[in-house]
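Residue numbers (the numbering used here): 103 to 391.
Glycine residues also receive a C-beta, built at the ideal position from the N, C-alpha and C atoms.
These numbers come from a predicted model, not from an experiment.
See structure below.
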């Protein structure tokens with residue numbers, strides 16, 4: 103079977119017009135017609151029906167079934183091209199969120215350097231939400247990322263390293279600074295400063311809000327953790343963030359408070375690759391168990 107035939111057929115189902123498909127692929131209309139006929143011979147049935155009375159191109163039930171499979175095949179072919187191209191590269195594209203990079207990656211760097219892998223990493227820094235999509239799409243080879251719940255995806259190889267709690271952080275000038283723990287419901291009238299949607303924190307914030315039945319305002323969103331800490335320090339708002347972000351150096355200006363609500367959402371840390379990927383990336387993931 104010619105993969106081009108499947109590509110023409112997939113486009114025909116989506117466009118329902120032979121001429122439009124031919125123009126998309128810069129081929130003649132008979133080329134598209136012959137591709138469909140070859141597929142019909144292959145699967146021994148009509149895939150496309152031309153309703154000449156109403157000038158319509160109709161897709162049969164068999165055609166729709168083939169279309170669903172063709173979509174999966176097209177996605178897998180794109181990933182295969184991406185994987186093969188990546189295998190030619192000396193660099194390995196490594197996704198690393200800023201929080202995890204600062205807190206956890208340094209402890210792994212020594213082993214990677216010893217194995218001759220550290221210098222081959224092309225590090226991409228952004229939030230975990232964006233990196234997960236990049237791993238799925240083949241734009242990133244391997245990522246060390248966070249999720250609010252443990253990851254379970256058939257297409258991904260996930261090695262969970264552990265989890266950390268989300269805490270509330272407030273200025274030492276804030277009335278809550280003297281408390282060691284709070285119920286999230288107490289925060290209904292507080293103003294929040296949050297990491298943006300590229301990070302997992304907004305999902306945790308939403309879960310706490312829904313559990314508590316409150317909807318406190320988010321007055322500012324940013325991808326910059328140091329900026330969040332600066333704004334909280336000035337008592338312009340409070341934030342929900344993974345506990346380890348606040349260091350001993352921050353403690354004079356910022357208080358970290360435990361949240362009592364018994365939610366399953368935590369800062370889960372995992373090494374993620376696509377299944378059946380390049381073996382060198384597998385070697386890297388083994389160091390992170």
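In this model, residue 180 and residue 105 are separated by some 12 Å (Cα to Cα). Straight-line spacing of the CA atoms in residue 337 and residue 319 works out to 15 Å.
Between the C-alpha atoms of residue 292 and residue 339 there is a straight-line separation of about 7 Å. Per DSSP, the continuous beta strand (DSSP E) segment holding residue 323 begins and ends at 320–324. Beta-carbon to beta-carbon, residue 194 and residue 247 are separated by about 15 Å, too far to satisfy the 8 Å threshold. At least 8 Å separates the beta-carbon of residue 348 from that of residue 286. By the CB criterion at 8 Å, residue 290 and residue 321 fall outside the cutoff. Residue 196 is bridged by DSSP to 225, 244.
CA-to-CA, the gap between residue 175 and residue 267 works out to about 40 Å. Per DSSP, residue 126 is one residue of the alpha helix (DSSP H) stretching across 120–127. Per the DSSP secondary-structure output, residue 374 pairs in a beta bridge with 245, 260.
The Cβ neighbour count for residue 308, taken over all protein chains shown within 10 Å, is under 16; the residue is labelled exposed. Between residue 284 and residue 250, the C-beta gap is not smaller than 8 Å, which leaves the two residues out of contact. In this structure, residue 245 sits away from residue 357, with a CB-CB distance that is not shorter than 8 Å. Non-local C-beta neighbours of residue 265 in its own chain, meaning closer than 7 Å and more than five positions away in sequence, comprise 368, 369, 370, 371, ordered along the chain.
Apart from the 5 residues on each side of it in sequence, residue 228 sits with its Cβ closer than 6 Å to the Cβ of 300 in its chain, given in chain order. With fewer than 16 neighbouring CB atoms inside 10 Å of its own CB, residue 177 falls in the exposed class. Sixteen is the threshold: when 16 or more other Cβ atoms of the shown chains lie within 10 Å of the Cβ of residue 269, as they do, the residue is buried. As for any beta strand (DSSP E) of minimum length 3 sitting wholly inside the stretch 321–357, the runs are 341–344, ordered along the chain. For residue 314, the enclosing alpha helix (DSSP H) covers residues 303–314.
Within its own chain, the residues whose Cβ lies closer than 7 Å to the Cβ of residue 207, once the five positions on either side in sequence are excluded, are 198, 246, listed in chain order. When the alpha-carbon of residue 230 is set against those of 137, 304, 140, the nearest one is in 304. Ranked by how close their Cα comes to the Cα of residue 255, the residues 273, 235, 241, 263 have 235 in first place. Residues of the same chain with a CB within less than 6 Å of the CB of residue 120, apart from the 5 flanking positions on each side, are 131, 134 in chain order. Cβ contact annotation for residue 252 (same chain, cutoff 7 Å, sequence separation greater than five): 262, 370, in chain order.
By the beta-carbon neighbour count (other beta carbons within 10 angstroms, threshold 16), residue 107 is buried. Residue 122 and residue 109 have their alpha carbons spaced roughly 13 Å apart.
Taking C-alpha positions only, residue 168 is separated from residue 140 by approximately 13 Å. Rounded to the nearest whole angstrom, the C-alpha separation of residue 276 and residue 259 is 43 Å.
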